[in-house]
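Residue numbers (this note's numbering): 1041 to 1364. Backbone N, C-alpha and C define an ideal beta-carbon position, used for all residues, glycine too. Beneath this line is the structure, given in structure tokens, with notes to follow.
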Amino acid sequence: MHAAWRRRERRKTALCGAAGFLLTLGIGATFLQDNFHAAPSAGHMQGRTPEEAYERVEYEPAASWRRRQATMPVAKGSQRLPASLLSTKPAEAFPSFDRAVLPVTAIPNWGAMRTPDAWERTYGQMTRADFVPVPRYDIATLTQPTVLLLKNREKNVGALTAKLFYSTRFFGAYDLDAGEFSGIHPGVDIKLALDTPIGAIGGGRVYRVAKDRNMGLHVIIEHRIPDEGTLYSLYGHLGSVSVEEGEDIEPGTVIGTVGMTGQSTAPHLHLQLDRGRETPHKRFWPTGMLTPAEAERYTVNPIVFIATHGTEAVAKVRSTARAS
Ligand SMILES: [Zn+2]
């Protein structure tokens, strides 16, 4: 059954016109590519409502809650929660964001893999020697023409791995050589092996676990970041999910595994980080090209965000604060 599915997915890739490039690169027709050529359907709102997600939280006496609500801090940029949520889940109990981490700690060295037998292996079939540290999201490297890199393939394994891993840039077109803001795709697609465990990019609470035609099985986590407001991280095309709506999580908590559910032609993670703008939160998907300033209103480059809110970045801010 799996093989039949994969054949079908290969045909889909060929149909969307990427096959020529893929064969050149030797990564084959299974190369990942989202197929979001159309606006998303309303199907992503399927699944439990936030109210239902909070159902199992026990009530506290109303008078005591009202007293505490009066002194409750409201994060900048966040929307007021509906009364039904406030009465059951005090905001002061919301888990700390703590720090940002990448969703994986190491990635397959895609640029060194030359045959489908090598790059189609699942996470469990790869060995330690197949993995390298997560490459930097460096636009200068990522936009080097692939054809030039392939002329000296041995020397350029690192750059090829980075280009394949960050297979779409933030608002990039579905083209490995494209830069940012050449397409309408918010977030980034990162190429990973099937079944790779995915960690949450920061502490927060699972806002939604749902499945739809485009994003497939996905998880959305609400993060409340001091002085910055509420952000929602989205992990799309998952194969399995290991958290429940309403669950509190820490940075790096495994939320599920890489799959190819929804509009996905090869295993990869769609990672998106949206601003909390309305209640209930709806994941952002533009219907046309945006300028960087327009995009900034709705969503954030998740890779840049992680780089500027990670352990080192947090330590630097704290040491600066101590020094002043
Ligand atoms: Zn995507």
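heavy atom of ligand 1 below 7 angstroms from threonine 1181 C-beta: no
Valine 1314 beta carbon near ligand 1 (any heavy atom closer than 7 angstroms): Correcting the residue identity first, residue 1314 is aspartate in this sequence and not valine. Every heavy atom of ligand 1 is 7 angstroms or more from the Cβ of aspartate 1314, so no.
Threonine 1305 beta carbon less than 8 angstroms from that of glycine 1279: no
DSSP three-state assignment for isoleucine 1147, whether helix, strand or coil: strand
Coarse secondary structure for proline 1156, derived from DSSP in three states: helix
Sequence-distant residues of the same chain with beta carbon closer than 6 angstroms to serine 1273, five excluded per side: Ile1241, Ile1261, Leu1313
Status (buried if at least 16 other CB within 10 Å, exposed otherwise) for proline 1342: buried
Cutoff 8 angstroms: proline 1332 Cβ touching any chain D Cβ: No chain D appears in the structure shown, which is made up of a single protein chain.
As assigned by DSSP and simplified to three states, the class of histidine 1349: helix
Of the residues Met1153, Trp1325, Arg1337, the one placed nearest arginine 1315, counting alpha carbons only: Arg1337
From Leu1142, Gly1299, Ala1133, residue whose alpha carbon lies closest to that of threonine 1348: Leu1142
Status (buried if at least 16 other CB within 10 Å, exposed otherwise) for valine 1187: exposed
Proline 1332 - DSSP class collapsed to helix/strand/coil: helix
Where the alpha helix (DSSP H) containing alanine 1306 begins and where it ends: Unbroken run through alanine 1306: none, as it is neither H nor E.
Residue range of the beta strand (DSSP E) that includes leucine 1232: Here leucine 1232 belongs to no beta strand (DSSP E), and DSSP marks it neither H nor E.
Contacting residues, own chain, Cβ-Cβ under 7 angstroms from valine 1228 (five flanking each side not counted): Tyr1206, Thr1208, Arg1209, Phe1210, Leu1311, Pro1342, Ile1343
When Asp1138, Trp1325, Val1172 are compared against glycine 1198, the one with the closest alpha-carbon: Val1172
With 16 other Cβ atoms within 10 Å as the buried cut-off, status of histidine 1225: buried
Per-residue burial, methionine 1153 [other beta carbons within 10 Å of its own, 16 or more giving buried]: buried
Inter-residue spacing [alpha-carbon to alpha-carbon] between phenylalanine 1345 and threonine 1339: 11 angstroms
Minimum C-alpha distance to alanine 1146 - residue among Thr1236, Val1294, Pro1156: Thr1236
Sequence-distant residues of its chain with Cβ nearer than 6 angstroms to threonine 1301 (five each side left out): Gly1256, Leu1257, His1277
beta-carbon glycine 1227 near ligand 1 non-hydrogen atom, thresh 7 angstroms: yes
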